[in-house]
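If you read the sequences in order, they're chains A and B.
If you're matching positions, the first sequence starts at 1 in UniProt numbering and goes up one per residue.
If you're matching positions, the second sequence starts at 1 in UniProt numbering and goes up one per residue.
So the structure is just underneath, and the comments pick up after that.
There are 2 protein chains.
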Amino acid sequence: MEGDPPLQLRVFDLNCWAIRYLSKRRQERVGLIGDMLQREGFDLALLQEVWSEQDYSDLKAKLGGCYPFSHYFRSGVIGSGLCVFSRFPILDTLLYQYSLNGYPYMLQHGDWFCGKSVGLVIIKISGIVFNVYITHLHAEYCREKDAYLPHRLVQAWELAQFIRHTSKAADVVLLGGDLNMHPEDVGIRLLRGWTGLRDAFAEATRFEVSGKEGGTGSWGHTQSPPTHPSAWSQGCEDGCTLVPNNCFTIKTELLPFPLGIRIDYILYKAISSFTVTCEKLKTTTGTVPGRDIPLSDHEAVMATLHIRRQGQAGGAASGTAEPALADMVTEARLEVAVGLRAAQRQRYSTGRLAVLALLLLVLQVVAGLGALGGLVAGQPFPKLSFSLLAFLGIGVFLLATGLYLFHTIEVKMLQGTEEQMRMVLRALQERP
Amino acid sequence: MEGDPPLQLRVFDLNCWAIRYLSKRRQERVGLIGDMLQREGFDLALLQEVWSEQDYSDLKAKLGGCYPFSHYFRSGVIGSGLCVFSRFPILDTLLYQYSLNGYPYMLQHGDWFCGKSVGLVIIKISGIVFNVYITHLHAEYCREKDAYLPHRLVQAWELAQFIRHTSKAADVVLLGGDLNMHPEDVGIRLLRGWTGLRDAFAEATRFEVSGKEGGTGSWGHTQSPPTHPSAWSQGCEDGCTLVPNNCFTIKTELLPFPLGIRIDYILYKAISSFTVTCEKLKTTTGTVPGRDIPLSDHEAVMATLHIRRQGQAGGAASGTAEPALADMVTEARLEVAVGLRAAQRQRYSTGRLAVLALLLLVLQVVAGLGALGGLVAGQPFPKLSFSLLAFLGIGVFLLATGLYLFHTIEVKMLQGTEEQMRMVLRALQERP
Numbered sequence: 001m002e003g004d005p006p007l008q009l010r011v012f013d014l015n016c017w018a019i020r021y022l023s024k025r026r027q028e029r030v031g032l033i034g035d036m037l038q039r040e041g042f043d044l045a046l047l048q049e050v051w052s053e054q055d056y057s058d059l060k061a062k063l064g065g066c067y068p069f070s071h072y073f074r075s076g077v078i079g080s081g082l083c084v085f086s087r088f089p090i091l092d093t094l095l096y097q098y099s100l101n102g103y104p105y106m107l108q109h110g111d112w113f114c115g116k117s118v119g120l121v122i123i124k125i126s127g128i129v130f131n132v133y134i135t136h137l138h139a140e141y142c143r144e145k146d147a148y149l150p151h152r153l154v155q156a157w158e159l160a161q162f163i164r165h166t167s168k169a170a171d172v173v174l175l176g177g178d179l180n181m182h183p184e185d186v187g188i189r190l191l192r193g194w195t196g197l198r199d200a201f202a203e204a205t206r207f208e209v210s211g212k213e214g215g216t217g218s219w220g221h222t223q224s225p226p227t228h229p230s231a232w233s234q235g236c237e238d239g240c241t242l243v244p245n246n247c248f249t250i251k252t253e254l255l256p257f258p259l260g261i262r263i264d265y266i267l268y269k270a271i272s273s274f275t276v277t278c279e280k281l282k283t284t285t286g287t288v289p290g291r292d293i294p295l296s297d298h299e300a301v302m303a304t305l306h307i308r309r310q311g312q313a314g315g316a317a318s319g320t321a322e323p324a325l326a327d328m329v330t331e332a333r334l335e336v337a338v339g340l341r342a343a344q345r346q347r348y349s350t351g352r353l354a355v356l357a358l359l360l361l362v363l364q365v366v367a368g369l370g371a372l373g374g375l376v377a378g379q380p381f382p383k384l385s386f387s388l389l390a391f392l393g394i395g396v397f398l399l400a401t402g403l404y405l406f407h408t409i410e411v412k413m414l415q416g417t418e419e420q421m422r423m424v425l426r427a428l429q430e431r432p
Numbered sequence: 001m002e003g004d005p006p007l008q009l010r011v012f013d014l015n016c017w018a019i020r021y022l023s024k025r026r027q028e029r030v031g032l033i034g035d036m037l038q039r040e041g042f043d044l045a046l047l048q049e050v051w052s053e054q055d056y057s058d059l060k061a062k063l064g065g066c067y068p069f070s071h072y073f074r075s076g077v078i079g080s081g082l083c084v085f086s087r088f089p090i091l092d093t094l095l096y097q098y099s100l101n102g103y104p105y106m107l108q109h110g111d112w113f114c115g116k117s118v119g120l121v122i123i124k125i126s127g128i129v130f131n132v133y134i135t136h137l138h139a140e141y142c143r144e145k146d147a148y149l150p151h152r153l154v155q156a157w158e159l160a161q162f163i164r165h166t167s168k169a170a171d172v173v174l175l176g177g178d179l180n181m182h183p184e185d186v187g188i189r190l191l192r193g194w195t196g197l198r199d200a201f202a203e204a205t206r207f208e209v210s211g212k213e214g215g216t217g218s219w220g221h222t223q224s225p226p227t228h229p230s231a232w233s234q235g236c237e238d239g240c241t242l243v244p245n246n247c248f249t250i251k252t253e254l255l256p257f258p259l260g261i262r263i264d265y266i267l268y269k270a271i272s273s274f275t276v277t278c279e280k281l282k283t284t285t286g287t288v289p290g291r292d293i294p295l296s297d298h299e300a301v302m303a304t305l306h307i308r309r310q311g312q313a314g315g316a317a318s319g320t321a322e323p324a325l326a327d328m329v330t331e332a333r334l335e336v337a338v339g340l341r342a343a344q345r346q347r348y349s350t351g352r353l354a355v356l357a358l359l360l361l362v363l364q365v366v367a368g369l370g371a372l373g374g375l376v377a378g379q380p381f382p383k384l385s386f387s388l389l390a391f392l393g394i395g396v397f398l399l400a401t402g403l404y405l406f407h408t409i410e411v412k413m414l415q416g417t418e419e420q421m422r423m424v425l426r427a428l429q430e431r432p
């Protein structure tokens with residue numbers, strides 16, 4: 001068994017940026033993504049931001065031949081945007097929706113409406129059970145003052161916990177998606193440390209940039225010389241998945257990062273008696289050959305993995321020493337605590353506003369009754385201002401109450417996560 | 001190993017009915033529940049409807065000696081109400097919030113605000129890994145015309161899926177909680193069939209009713225003679241956990257069931273090389289000795305389980321033949337489809353209402369501009385009615401839009417569940 005040739009698995013991951021009415025040249029790009037998947041014939045394609053079920057259906061119809069199995073994860077108002085295309089039968093699926101995901105009133109950011117989730121599909125190839133996870137975490141709109149950091153950390157924590165609890169019977173775990181975190185961010189270090197997942201980019205034996213800017217026809221074939229991976233993980237141009245050269249990215253957002261940023265990942269680990277290595281990692285750059293646009297505002301990540309059977313169980317291979325893990329959990333917990341205090345302040349403010357609006361309404365009722373009782377009979381009753389004020393009072397009361405309830409949920413979930421982290425820290429410290 | 005004496009585990013399960021400001025004599029009853037847990041010294045206590053964190057803290061302070069480990073699951077506006085007290089260390093926890101849980105505007109039912117969930121705690125006793133699940137599903141307010149059946153079925157399905165995916169490394173699985181389903185209901189048959197869990201009541205070697213009505217001092221000790229379990233599962237008086245004799249139950253709701261109903265369960269199964277048997281099952285009846293009230297409006301379920309190591313792996317022991325399982329999934333899927341159509345109708349109605357309100361506002365803007373432009377200069381402009389109508393229009397628009405978004409989520413989740421069920425059915429049918 002040990003001498004068997006390794007199983008080769010080619011995985012494709014892309015944030016497709018396919019938002020109906022908002023994303024530029026969406027249908028054309030979805031068509032191009034389908035063409036590429038068809039041409040390249042990957043084993044697994046993990047797509048995010050496929051918000052329109054029609055786009056998914058179109059892709060499914062086009063890819064039925066080479067990817068006969070697929071799954072679309074539904075959640076939230078718009079959907080989760082997550083879907084998986086597979087050459088191998090999908091045996092089972094499960095969706096876990098993150099408990100926190102931004103604010104419904106931040107309409108310009110819209111994350112709340114997406115029902116951000118992690119999807120799990122289970123596939124079996126040559127008797128090897130793969131737990132394949134796909135996710136998309138809350139976006140980072142301002143790195144200097146990132147109001148969503150506590151929410152994203154709760155998501156990263158829930159993602160790690162979900163993977164740990166659901167992957168115990170798997171042989172190999174794969175995670176692909178747009179994590180909206182730079183490689184050195186606490187959330188991704190926590191995720192990797194707590195699950196033992198390895199970063200395909202950092203582990204890759206060979207790294208290739210597929211394509212040159214301007215679609216010179218070499219797209220998908222050009223290869224840069226093999227380079228030691230550690231050089232890339234220091235913020236090198238290659239490996240970045242959100243780059244200024246992409247015509248759809250917002251250049252001002254990438255100003256502090258002239259080479260781009262890496263926020264899309266393929267992570268993996270073997271759980272039982274298998275080893276996984278990343279033989280090759282590629283990203284796209286530039287436009288699609290013969291076209292003036294790239295596939296998406298993100299670059300695709302393509303990994304070629306080799307899975308070998310080992311003589312003995314590989315164990316969970318956490319890869320992170322416990323003191324380092326404890327440090328990460330402590331760091332994350334502090335950020336969650338900061339978010340908790342902010343949420344408590346907002347809950348207090350909205351609660352106070354609701355009480356004030358209620359008081360205003362009570363005063364109005366008293367004044368109204370007084371007017372009816374003829375106490376102010378000598379003066380004309382200001383009906384218009386009275387009605388306007390009453391409606392304003394009702395509106396403010398309802399809105400403030402809704403927000404108070406929302407922030408109460410936020411406080412509860414942040415408290416719950418903080419407590420879970422504290423429990424893990426205690427367990428880590430108690431271990432001999 | 002096989003000859004070792006079995007591990008005995010005493011499990012307590014109770015819906016505590018501890019809603020702040022609403023439940024009668026709440027604090028007194030929580031105190032009595034604490035007294036009983038302290039006196040009886042169970043290994044595990046699974047409590048539902050502990051909505052107040054203060055009540056949990058009080059219980060924790062009181063039970064610290066005999067149950068040194070505990071966990072409270074936070075979710076939703078009010079909390080999940082779920083907590084676990086354990087004699088053995090809790091190694092890890094995970095919370096899964098159900099994607100559907102009633103309607104926020106059904107204030108009189110209030111389930112939506114509770115963030116109904118399933119909580120998982122992992123404990124290890126003598127080297128045996130227990131995955132202990134605790135849950136509380138959506139209440140049934142009208143059995144004849146149960147508007148919440150599709151939501152409860154989605155919850156039962158998600159519960160089953162969550163247990164299946166997270167319990168693969170466990171030796172023994174336990175589930176306790178208020179499932180709000182009668183033993184013959186499709187939801188519980190589906191849950192049992194799809195997870196392989198066994199009903200402690202139906203499997204119990206001995207069934208005892210602990211206590212007599214009126215608190216004659218024998219509470220907790222009286223034993224009815226051993227009876228064959230199959231006799232009880234036919235809707236017999238004993239085993240019921242919501243009974244007319246309980247002074248807190250609403251008698252009119254139980255009119256069709258003069259003996260009461262059984263909706264609180266302890267379910268179990270062994271996964272790896274273990275067997276579990278239920279040696280004894282007890283429920284409470286009547287008032288607490290020396291007091292004029294029972295512990296809760298529900299009766300407590302107390303099971304004594306014996307866990308034995310087997311020579312060979314027991315396997316998943318699903319216990320349900322695949323054709324029967326396929327029938328259950330089909331039955332559940334039909335109910336989910338009914339719910340889906342209702343949700344689609346409501347989405348359509350609320351969407352139409354939002355559009356109408358928007359049209360009204362547009363008309364008002366036009367009229368207002370007309371008045372400003374002096375088109376109706378000859379007539380006095382009806383400011384009051386105009387403002388009232390505008391506010392009404394805005395209010396209806398916002399409300400209808402909110403409801404539209406809510407029903408969109410509902411439709412998505414029902415579709416997602418239906419598709420998952422279809423996938424399972426296909427897999428069941430394809431199996432040789």
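Here a beta-carbon is modelled for each residue, glycine too, at the ideal position from N, C-alpha and C.
As the structure is a computational prediction, the values presented were derived from the model and not from experiment.
Between B:P6 and B:R291 the beta-carbon gap is near 36 Å, outside 8 Å, which marks them as no contact.
For A:K282, the enclosing beta strand (DSSP E) stretches over residues F274 to T284. Look at B:T205 here: in three-state DSSP terms it is coil, with no helix or strand label. For B:Y96, the neighbours in chain A by C-beta distance under 7 Å run, in chain order, Y96. Against chain A, the beta carbon of B:M413 has neighbours under 8 Å at R74 and S75, listed in chain order. Taking the CA atoms as reference points, A:M181 sits about 22 Å from A:P104. Secondary structure note for B:A427: its alpha helix (DSSP H) is the uninterrupted segment K383 to E430. A distance below 8 Å separates the beta carbons of B:I266 and B:D13. Contact between the segment 125 to 139 of chain A and the segment 134 to 141 of chain B is absent, with fewer than three C-beta pairs closer than 8 Å. The three-state reading of DSSP puts A:Q8 in strand, counting E and B together.
DSSP, read as helix, strand or coil, puts A:E158 in helix. In this structure, the straight-line span from the alpha carbon of A:I123 to that of A:R87 is close to 10 Å. In this structure, A:A18 sits away from A:S70, with a CB-CB distance that is not shorter than 8 Å. A:R164 and A:T195 have their alpha carbons spaced roughly 6 Å apart.
Beta-bridge pairing by DSSP links B:F85 to B:A45 and B:S70.
Counting of Cβ neighbours within 10 angstroms places B:V11 among the buried residues, the total reaching 16 or more.
Contacts between B:A169 and chain A, judged by CB atoms closer than 7 Å, involve K168 and A169 in chain order. With its beta carbon at least 8 Å from every one in chain A, B:T350 lies outside the interface. For B:Q38, same chain residues with a beta-carbon under 7 Å away, outside a window of 5 residues either side, are K62, L63 and C66 in chain order. Under the Cβ criterion of 8 Å, B:I409 is counted among the residues facing chain A. Interface residue (Cβ-Cβ distance to chain B less than 8 Å): A:Q364 is not classified as such. With contacts defined as CB atoms closer than 8 Å, A:V154 and A:V329 fail to qualify as a contacting pair. Secondary structure at B:W112: helix, using DSSP grouped into helix, strand and coil.
Around A:T93, the beta-carbon contacts reaching into chain B at under 8 Å are Q420 and M423.
In the structure shown, A:H138 falls within a coil segment according to DSSP collapsed to helix, strand and coil. Using a CB distance below 9 Å, no part of the segment 254 to 282 of chain B faces chain A. For B:F248, the nearest beta carbon of chain A is not closer than 8 Å to its own beta carbon. In this structure B:G119 touches B:L82 by the C-beta definition: roughly 5 Å separates them, less than 8 Å. Using a CB distance cut-off of 8 Å, B:H136 does not count as an interface residue toward chain A. At a cut-off of 8 Å between C-beta atoms, A:H165 counts as an interface residue with respect to chain B.
Judged by DSSP in its simplified three-state form, B:K251 adopts helix.
Per DSSP, A:V288 is not a residue of any beta strand (DSSP E), being assigned neither H nor E. Excluding five sequence positions before and after A:K251, the CB atoms of its chain that fall closer than 7 Å to its own CB belong to P244, given in chain order. DSSP links B:M181 through a beta bridge to no other residue. Its Cα nearest to that of A:S167, the residue A:A270 stands out among A:R198, A:V186, A:A270 and A:M423.
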